[in-house]
Amino acid sequence: MASVETVGGRIDAEQMGLTLIHEHFFSGDEAVTVQWPHVRDHDREYSLALESAEAVKGHGVRTVVEPTAMLLGRDIAALQRLASETRLQIVACTGIYTYDHLPQFLANRSEDFIADLFVHDIEQGIQGTDVKAAFIKCAADEAGVNDRIEKVHRAAARASLRTGAPIMAHSRPASNTGPRQVEVFLEEGVAPEKIQIAHTGDTDDLDYIERLLNRGVYIGMDRYGIDLFLPTDRRNATVLELLARGHAERMFLSQDFDIPIANGLDWYPPEMIEQLQAAGAATDWSMTFLFEGVIPTLKEGGMSDAQLETMLVENPPRWLGV
Ligand SMILES: [Zn+2]
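In structure tokens:
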């Protein structure tokens with residue numbers, strides 16, 4: 006039987022239950038955290054994470070997949086504490102979250118060296134613990150799949166081939182990154198069902214989306230609540246049309262909720278969060294918006310209970326199980 010590594014240990018894949026595939030409990034600029042620790046408020050971050058964890062449990066969520074990688078402040082000790090205090094199953098990753106820049110340490114080393122780092126986290130454990138990464142994260146954004154980003158993608162692919170761990174790739178449909186990201190993975194020999202192109206739901210261009218789906222990969226309709234990139238009604242219309250076209254088995258629903266960012270603890274100072282919210286950037290964004298403000302509307306629009314079960318319960322172990 007397939008299994009999945011969680012922060013609390015290995016579980017049968019079928020035990021994942023209702024799963025949010027893309028949410029961030031802890032994140033932050035790791036260089037700032039190390040150099041100026043006084044600007045971080047770990048107690049507040051932890052209590053906000055606890056609040057969101059309890060809130061999702063209230064909706065029956067049993068597993069949260071937490072794709073916070075290197076350069077986004079992955080903090081395995083904090084995830085361990087949260088998982089043990091809440092009994093929520095949390096799935097951690099390895100990988101590098103960069104849109105362009107690579108630290109010199111990585112810029113001057115090969116794809117295979119970077120793949121070794123990823124394999125270490127998958128086979129040995131993360132940050133000196135015995136918590137193992139269940140998947141590999143990488144990203145492409147406005148800068149596109151340039152040399153540095155391609156290198157991280159090839160490293161992710163090689164680590165996936167060596168371990169069986171799947172890949173989650175942050176994408177930016179507005180920059181047409183998805184097709185090239187898929188191409189790089191397939192060139193390296195990764196099976197399409199091991200690939201998830203995150204943030205595909207930031208577009209309602211059905212041709213773009215179906216070109217990805219036709220390669221056999223999973224897509225993340227995973228930023229519900231971030232109206233800045235696409236408002237909820239257009240996300241819903243897209244999901245409903247893709248369901249009608251029979252794509253439920255390759256889709257994930259999530260929110261990409263990032264607690265420190267949403268609360269002005271990282272990326273944006275509080276006053277900038279206020280400006281963004283005043284402009285309607287992400288007014289409804291939370292780790293439970295999907296249940297409170299999206300699923301009821303999707304059901305009214307024709308989504309069946311079986312389709313919902315496929316996306317939230319059956320797809321996660323199918324993509325993550327090894
Ligand atoms: Zn994310």
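Residues in the sequence shown are numbered from 6 upward in steps of one, following the working numbering.
Beta carbons: idealized from backbone N, C-alpha and C, even for Gly.
- Checking the DSSP bridge columns, you'll see A144 partnered with H175.
- Annotation note: the stretch 232-265 contains the following uninterrupted alpha helix (DSSP H) runs of length 4 or greater, listed N- to C-terminal: 237-249.
- Set against 7 angstroms, the gap from the CB of P72 to the closest heavy atom of ligand 1 is smaller.
- Going by DSSP, E71 is part of the beta strand (DSSP E) stretching over 68-71.
- Not one heavy atom of ligand 1 lies closer than 7 angstroms to the C-beta of D80.
- Counting only runs of at least 3 residues, the stretch 196-238 fully encloses the following beta strand (DSSP E) elements, listed from N- to C-terminal order: 200-203, 223-226.
- With a cutoff of 7 angstroms, D261 counts as near ligand 1, since its C-beta is closer than that to a heavy atom of the ligand.
- Rounded to the nearest whole angstrom, the C-alpha separation of G206 and V244 is 8 angstroms.
- Check the Cα spacing between V12 and each of A36, E59, S89: the tightest is with S89.
- Cα atoms of E59 and V189: separation of roughly 39 angstroms, rounded to the nearest angstrom.
- With a cut-off of 7 angstroms, the C-beta of H252 is classified as distant from ligand 1, since no heavy atom of the ligand falls inside that distance.
- Rounded to the nearest angstrom, the Cβ distance from L218 to H252 is 6 angstroms, consistent with a contact under 8 angstroms.
- Distances from the CA of L25 to each of L93, A112, A144, S309 were compared; the closest alpha carbon is that of L93.
- Remark: the shortest separation between the CB of H27 and any heavy atom of ligand 1 falls under 7 angstroms.
- With a cutoff of 8 angstroms on beta-carbon distance, T99 and A138 are scored as near each other.
- Rounded to whole angstroms, the separation of the alpha carbons of E147 and Q109 is 21 angstroms.
- For the pair L281 and Y229, the Cα-to-Cα distance works out to about 16 angstroms.
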